[in-house]
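Okay, so here's the structure we're looking at.
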Amino acid sequence: MTAVGGKTELVPKKGVTSSVVWNWFGFAPTDADQTSPRCKVCFKTVVSKGSSTTNLFQHLKQRHTAEWEKSCSQRSESSRNTSTPSKVKQATVPDTFLNCVPYDKNGARWKVITDAVALFIAKDMVPIYTVEKSGFINMLKVLDQKYALPSRKYFSEVALPHLYNGTRQRITRELEEDVSYYAATTDLWSSRTMQPYMSLTVHFINHTWALRSVCLQTAYFPEDHKGEVIAQGIKETLSSWNLAEDRLSCMTTDSATNMIKALKDNEWPSLQCFGHRLHNAIGKGLDPRIDRAIGICKKAVSAFSYSWKKRKEMTEVQAELGLPAHQLITESPTRWSSRQKMIERFLAQEKAIVRVLGADKKTRHLVPTWQDLDVLESVNKAVGPLQNFTDALSGEDYVSVSYVKPILHLFKTSLLLAGEEDTDLTKTIKRKIMSYLADKYSDPRQDELLDMASLMDPRFRTSYIDPGKVDHVKKRAVTELVSVGMCASKQPGPSSQGCLREPQPPPKKKMTLVTFFRKSAPVLSPHQTEVEKLETELATYLLTPEVDPDTDPLEWWKRHEPNFPRLGNLAKKYLSIQATSAPSERVFSVGGSIVTCHRASLKPDVVDRLIFLDKNAISPSSNANTLEHCCSYKLVLTVQTGLYSSVRIWKCISILCFPTSTFVCQKQQQFHHLTAVVIASRWRNMR
10 MTAVGGKTEL VPKKGVTSSV VWNWFGFAPT DADQTSPRCK VCFKTVVSKG
60 SSTTNLFQHL KQRHTAEWEK SCSQRSESSR NTSTPSKVKQ ATVPDTFLNC
110 VPYDKNGARW KVITDAVALF IAKDMVPIYT VEKSGFINML KVLDQKYALP
160 SRKYFSEVAL PHLYNGTRQR ITRELEEDVS YYAATTDLWS SRTMQPYMSL
210 TVHFINHTWA LRSVCLQTAY FPEDHKGEVI AQGIKETLSS WNLAEDRLSC
260 MTTDSATNMI KALKDNEWPS LQCFGHRLHN AIGKGLDPRI DRAIGICKKA
310 VSAFSYSWKK RKEMTEVQAE LGLPAHQLIT ESPTRWSSRQ KMIERFLAQE
360 KAIVRVLGAD KKTRHLVPTW QDLDVLESVN KAVGPLQNFT DALSGEDYVS
410 VSYVKPILHL FKTSLLLAGE EDTDLTKTIK RKIMSYLADK YSDPRQDELL
460 DMASLMDPRF RTSYIDPGKV DHVKKRAVTE LVSVGMCASK QPGPSSQGCL
510 REPQPPPKKK MTLVTFFRKS APVLSPHQTE VEKLETELAT YLLTPEVDPD
560 TDPLEWWKRH EPNFPRLGNL AKKYLSIQAT SAPSERVFSV GGSIVTCHRA
610 SLKPDVVDRL IFLDKNAISP SSNANTLEHC CSYKLVLTVQ TGLYSSVRIW
660 KCISILCFPT STFVCQKQQQ FHHLTAVVIA SRWRNMR
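Residue numbers (my numbering): 10 to 696.
Given below as structure tokens:
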């Protein structure tokens, strides 16, 4: 112990200290218990209880400012550079208890997870008893241990019916609010248990110019499949969805006689499936001379299909000859393209097939002769270029009907035109196919319908219409616009204009050089009649610049609808028509995945609901966003077009402001209706 300036030197605090304040405090050597800390600057004793350092910092702050600032800087530096990990806070008993308590079945979280499970069952077509499987239960328990999965009975009686009702309400609202015209596809099919069903799918272009497809019903159809019975069944389905028959632009079906009669009895516009017609055309076009070659090809493919040893030998020979390791393709009787693919693959693997079959005495007779190969090559050359067109026209989310006329023109002038190098058999097949198609598409009503669809497609317009019929098709378009009153839907109503000011005319734009070199287009005159205005709009549309063949016609119309508002409705009517009945045929595949051998006893109404959910159900969040976007768009469109109908505006406002309410009191309706009209008026004035 030493003394400095007559004062005893202080000793540091015993043990490990974490506070920087002890750099300025210590204890007298005689203070064995170190209960009275002293300041190293002024040697004054500072009262401090226990390990508290608050009074020590206060002493520096009040008496020694410089030392206080140093302590603060060292304190912050120490907190930044500390490497001691923070201690994990031990969970309290209440927290532990809450983590083990299941969600309340009336709570939002439990409902969200349950709805997600119901959507999974519906969209992935899994049996309802999946919720009782141990692996599925364990997966949900790992994901969220607080969620208690309800029983199978709950999903079958509560969750799935709730999802169905919500989806049906959404579809009903969409059909009422967003459909001016619709097309349809329908077909009959049988389930695994041989129960007959009839599916009906409608197609329409909505306000965002997206082509929508909705499977409305898969009805159990035990009655005789007569035309009049089918016609009545379709009428009842459309009526149950409040779809007016006069808004049906066309119904696409297969070439079955009963389907054609059903549409004829109802006097509905109809179109036979392009895929079925092409299938029948190729079937009629194939010459009997090819039967032997096709038979040899099918038997050879079957020999490989039923023999694992031959498939193994085939793989080895393919590797030795440097051929692609492709399997042979089996023909499906209902798909002509499968026969074509079988022939094409057979010719590609000819050397390997001959080598494997020739090495076995039992299959040596299946080796094709050179005459058989010549016949197969002739068939492949005639039919091969056509196989991609059926699949290309089978999509339901893009425009297909306007392609029919261009494709028929391509067949006639190129693909089915006899060439100099073609064999006699190839020429015969091409001629028969083209003759069949020309005969089936000679019906004046269907030809006119296809011309109208081509006219409304900005990629084609009048390019593939018979020059002698162009004027007639134009007159048909104008007459149809006038007769159905399409133009009225785009004009302000007289009752709505009285309370709103007329829009101010836009300021005159300065003339530029570009103006003088624009393509001349007819100009609307204020003294024109309604028919003359429609003719002018159609003429202007036909004079617009040509578009790239890869252009999406729906995107084009979405951009140009403000310029051609009347023709826009006509485009929605015809471009929604399907060229094939593939959308309804896809329902067969869904039905086959639902009515399986593990659940072959499903009742017809359950099959209908499960197919409906698979084709139409969406997540609740997507449903809400779609509805809000749709209503917002309609409110904007209502204001921009001058349609200030109180009913339309109130519908938009009520759904946006009260999305979950079933009704609002009359006073609130009156108040919000008045608010909507004021908003619309101000919006109109700002424009």
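Here a beta-carbon is modelled for each residue, glycine too, at the ideal position from N, C-alpha and C.
All figures in this text were calculated on a predicted structure; none of them were measured in a lab.
Boundaries of the alpha helix (DSSP H) in which residue 221 is found, first to last residue: Here residue 221 belongs to no alpha helix (DSSP H); instead the beta strand (DSSP E) covers 220-229.
Own chain partners of residue 28 with C-beta closer than 6 Å, once the 5 adjacent residues on each side are dropped: The residues are 62.
Span of the alpha helix (DSSP H), counted from its first residue to its last, around residue 324: Unbroken alpha helix (DSSP H) run through residue 324: 317-330.
Inside the region 440-504 only - alpha helix (DSSP H) runs reaching at least 4 residues: Counting whole runs of 4 or more residues, the region 440-504 contains the alpha helix (DSSP H) stretches 453-464 and 479-493.
Proximity to residue 432 [Cα-Cα], best of 383, 452, 471 and 394: Minimum Cα distance to residue 432 is reached at 383.
Presumed contact (8 Å Cβ cut-off) between residue 50 and residue 65, rounded CB distance: Between residue 50 and residue 65, the beta carbon gap of about 12 Å keeps them out of contact (Cβ cut-off 8 Å).
C-beta atoms of residue 224 and residue 620 nearer than 9 Å: The answer is yes: Cβ separation under 9 Å.
The region 399-418 / the region 264-275 touching (three or more Cβ pairs under 8 Å): Not touching, per the Cβ criterion.
Residue 280 beta carbon less than 9 Å from that of residue 262: Yes; because the gap between Cβ atoms is below 9 Å, this pair is in contact.
Nearest candidate by alpha-carbon position, reference residue 228, set 237, 215, 207 and 214: Ranking the options by Cα distance to residue 228, first place goes to 207.
Beta-carbon gap between residue 210 and residue 284 smaller than 9 Å: Here residue 210 is not near residue 284, since their CB atoms are 9 Å or more apart.
Residue 31 to residue 73 span [Cα, whole Å]: Computed Cα separation, rounded: 14 Å.
Classification of residue 144 by the beta-carbon crowding that lies within 10 angstroms, buried from 16 upward: Here residue 144 is exposed. Its C-beta has fewer than 16 other C-beta atoms within 10 Å.
For residue 209, the three-state DSSP class (helix, strand or coil): In this structure, DSSP gives residue 209 an extended state, which the three-state scheme calls strand.
Opening and closing residue of the alpha helix (DSSP H) in which residue 266 lies: Per DSSP, residue 266 is one residue of the alpha helix (DSSP H) stretching across 266-275.
Cβ-Cβ distance between residue 312 and residue 319 below 9 Å: Their beta carbons are under 9 Å apart, which means residue 312 touches residue 319 by this criterion.
Stretch pair the region 126-137 + the region 178-196: three plus CB contacts closer than 8 Å: Contact fails: fewer than three Cβ-Cβ distances are below 8 Å.
Whole runs of the beta strand (DSSP E) within the region 350-425, excluding any shorter than 3 residues: Runs of beta strand (DSSP E) with 3 or more residues, each lying fully within the region 350-425, are absent.
C-alpha distance - residue 342 paired with residue 348, whole-angstrom precision: Their backbone Cα atoms lie some 8 Å apart in a straight line.
At least three beta-carbon pairs within less than 8 Å, the region 183-203 to the region 143-160: Contact between the region 183-203 and the region 143-160 is absent: fewer than 3 CB-CB pairs across the two stretches fall below 8 Å.
Whole-angstrom C-beta distance between residue 361 and residue 715, which should lie under 8 Å: Residue 715 lies beyond the residue range present for the chain, which begins at 10 and ends at 696; the question has no answer from this structure.
Beta-ladder partner(s) of residue 214, from DSSP: Beta-bridge pairing links residue 214 to 220.
Nonlocal neighbours in the same chain, by C-beta distance under 7 Å from residue 481, ignoring five residues either side: Excluding residues within five positions, none has a Cβ falling inside 7 Å.
N- and C-terminal bounds of the alpha helix (DSSP H) containing residue 623: Boundaries of the alpha helix (DSSP H) harbouring residue 623: 613-625, taken from the DSSP string.
Rounded C-alpha distance that separates residue 301 from residue 387: Residue 301 and residue 387: Cα-Cα distance of roughly 14 Å.
Terminal residues of the beta strand (DSSP E) in which residue 193 lies: Start and end: 191-199.
Separation of residue 485 from residue 339, as counted between CA atoms: One alpha carbon belongs to residue 339, the other to residue 485, and they sit about 48 Å apart.
Local conformation of residue 80 per DSSP, three classes: Three-state result, residue 80: helix.
For residue 184 and residue 574, the rounded distance between their alpha carbons: In this structure, the CA atom of residue 574 is about 21 Å from the CA atom of residue 184.
For residue 281: DSSP bridge partner residues: BP columns for residue 281 point to 262.
Continuous alpha helix (DSSP H) stretch holding residue 295: start and end: Element bounds for residue 295: n/a, residue is neither H nor E.
Identified DSSP bridge partners for residue 20: Answer is 36.
Residues near residue 615 by beta carbon distance below 6 Å, same chain, minus five either side: Within the same chain, and ignoring the five residues on either side of residue 615 in sequence, no residue has its Cβ closer than 6 Å to its Cβ.
Coil, strand or helix - residue 344 by DSSP: Strand, per DSSP.
Validate contact between the region 351-365 and the region 407-421 using beta carbons, cut 8 Å, 3 pairs: Verdict: no, contact absent.
Beta carbon of residue 217 nearer than 9 Å to that of residue 593: Taking C-beta atoms as the reference points, residue 217 and residue 593 fail to come closer than 9 Å.
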